[in-house]
Amino acid sequence: MNELPTFEAFPKIARLNREVVVTEKIDGTNACVYVGADGAVMAGSRSRWITPEDDNAGFAKWVKLHEEELRVGLGIGTHFGEWWGAGIQRRYALTEKRFSLFNVAKWSDPAVRPSCCHVVPELARGLDIRAETERALEWLRAYGSVAAPGFMRPEGVVIFHTASSAIFKVTLEQDESPKGAEK
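Quick note: the sequence shown uses this note's numbering, first residue 1081, plus one each step.
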């Protein structure tokens, strides 16, 4: 008798018309801060742990400098964000670098997050993914970056679809081109 293959269930399908949160996509470098249950604080890039000796645009040095504030203020877990500003990608006409957390639901209140951290700006929220995305893009086209007021070349938006926990991005320039293929 043949053994039955392991059954693979079809995944549940999230409903499209559920809340979306649209935030400004900041052009920097992906970063994370890990705070362990043992109090350890580590810095990470998109794909690896980094140290002050093997850094990514100075992020690990910044984490080391703010270690205690990050440990206490962020708490246990992995906290993702963008490391951006002076010397990184678009630079945003800043003279300093900033770490902006992605989780707007948790970190939007400045009284809750560590003072050394920023949060990506929330631009729109609603049930119609296309309408909210277009509304946010039009605002950025007209008024520029919310993260760096006065900077008129923002990168675009990130859309978080709450029902599916899916994340999408739309860029203002060459959105139809794959990353790295931009002119």
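Built from N, CA and C at the ideal position, the CB exists for glycine as well.
Computed from a prediction, not measured in an experiment: that's the story for all the values here.
Check	Outcome
Let me confirm a value: Glu1162 is counted as buried when at least 16 other C-beta atoms fall within 10 Å, else exposed. Which label applies?	buried
Can you grab the Cα-Cα spacing for the pair Leu1217 / Pro1234, in whole Å?	10 Å
Is the segment 1096-1104 in contact with the segment 1149-1158, if contact means three or more CB pairs nearer than 8 Å?	no
Suppose only complete runs of 3+ residues qualify. What are the beta strand (DSSP E) ranges in the segment 1190-1258, listed by chain order?	1202-1206, 1236-1241 and 1246-1251
At the level of alpha carbons, what is the spacing between Lys1105 and Gly1236?	5 Å
Can you check whether the CB of Gly1167 is closer than 7 Å to the CB of Arg1178?	no
Tell me whether Phe1182 sits in a helix, a strand or coil according to DSSP, three-state version.	coil
Could you tell me whether the segment 1204-1220 touches the segment 1245-1254, where touching means 3 or more Cβ pairs closer than 8 Å?	yes
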